[in-house]
Each structure stands twice: as C-alpha cells, then as structure tokens.
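Scroll down for the structure; my scribbles are underneath it.
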Amino acid sequence: MPIVGHLAENGLIIGEEFRQGNDAPGARNLEFIKYCAGQMPAGRRMAALRADSAAYQADIINWCEKDDKARVLFAIGADLDAGVKSVIRALSPGGMEAIQGWSYCRDSAQHEQDKEGVSVDRDSSSCADGFTDR
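The sequence shown begins at 41 in our numbering and counts up by one.
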C-alpha cells in the first residue's frame with residue numbers, strides 16, 4: 041500500500057513509501073509526515089497538511105499545532121461517527137471556512153444529509169487540486 045507526500049503547488053514528490061499490504065493505513069504516519077517536512081528545501085517549511093482519515097490521530101494533530109512559529113495548518117478527514125457529528129451540529133452557521141488557496145471541489149460533490157440530518161458531501165469525482173469538504 042503506497043503512501044506519497046507531495047507539494048500541492050507543483051506536484052513535486054517529497055516522500056514515498058511502499059508499505060506491506062498488511063500494514064494498517066494509520067501506521068507510522070507521523071514519522072512519514074516528519075520525514076516529508078525534513079525534505080523541504082533550506083529556508084522553507086511545510087505550511088499545510090492535507091490527509092485522509094488514516095491520519096486522524098492525536099499525535100499528528102498535536103505535531104501540527106506544536107508552536108506558533110512552526111504551526112502547520114491541517115485538513116484531515118474524519119469518519120462521521122457520533123462524536124464528529126455532534127461537533128458538526130454544534131457549529132454555528134458559517135463556522136467552517138475554506139483555507140485560503142485550497143479548493144473544495146464543491147462542484148463535483150453530491151450534497152445530502154445522512155439519516156440523522158447531518159450535512160454530508162459525497163465526492164463524485166477525483167479532485168486533483170483540492171479536497172472534498174466534510
């Protein structure tokens with residue numbers, strides 16, 4: 041199972057690892073992210089991270105928020121379990137906003153509500169330049 045780190049601006053690959061098929065998708069993700077951050081050119085730093093739900097881990101979120109100078113903005117997918125749904129319900133209207141420079145691919149998403157009335161966007165196509173929100 042491959043994992044690839046690349047720069048969104050130009051698609052340059054800064055890290056790759058081909059893992060065994062029986063490795064858990066969430067295994068060693070923080071180590072991989074740190075490796076990718078270390079591959080940045082001198083004087084540059086990783087400013088943002090976008091990852092799927094395999095990276096929805098406290099150690100990764102804590103690393104992204106470690107201090108103000110090295111803070112990494114992040115968009116990490118999460119399973120829509122009861123806890124996540126309760127946080128979504130508690131958000132005020134307009135409580136979620138786009139990160140400057142990141143596309144949400146809203147035109148390609150199917151907007152719907154799940155059986156409990158929580159807004160869900162289902163990706164209906166590949167988003168090469170962005171991610172699907174919620």
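For each residue, glycine too, the CB sits at the ideal point set by N, CA and C.
- request: Assign A91 to one of two classes, buried (16 or more other C-beta atoms within 10 Å of its C-beta) or exposed (fewer than that).
  value: Buried, since its Cβ has 16 or more Cβ neighbours within 10 Å.
- prompt: Can you tell me whether L89 is buried or exposed, with buried defined as 16 or more other CB within 10 angstroms of its CB?
  reply: So L89 counts as buried.
task: Pick helix, strand or coil for R90, following the three-state DSSP scheme.
output: The three-state secondary structure of R90, taken from DSSP, is strand.
message: I'd like to check one pair, G55 with G45: are the Cβ atoms closer than 8 Å?
response: Pairing G45 with G55 gives a Cβ-Cβ distance under 8 Å.
Cα-Cα separation, S132 to Q60: Looking at the backbone, the Cα of S132 and that of Q60 are separated by about 43 Å.
message: What would DSSP say about G55, mapped onto helix, strand or coil?
response: In this structure, G55 counts as strand in the three-state DSSP scheme.
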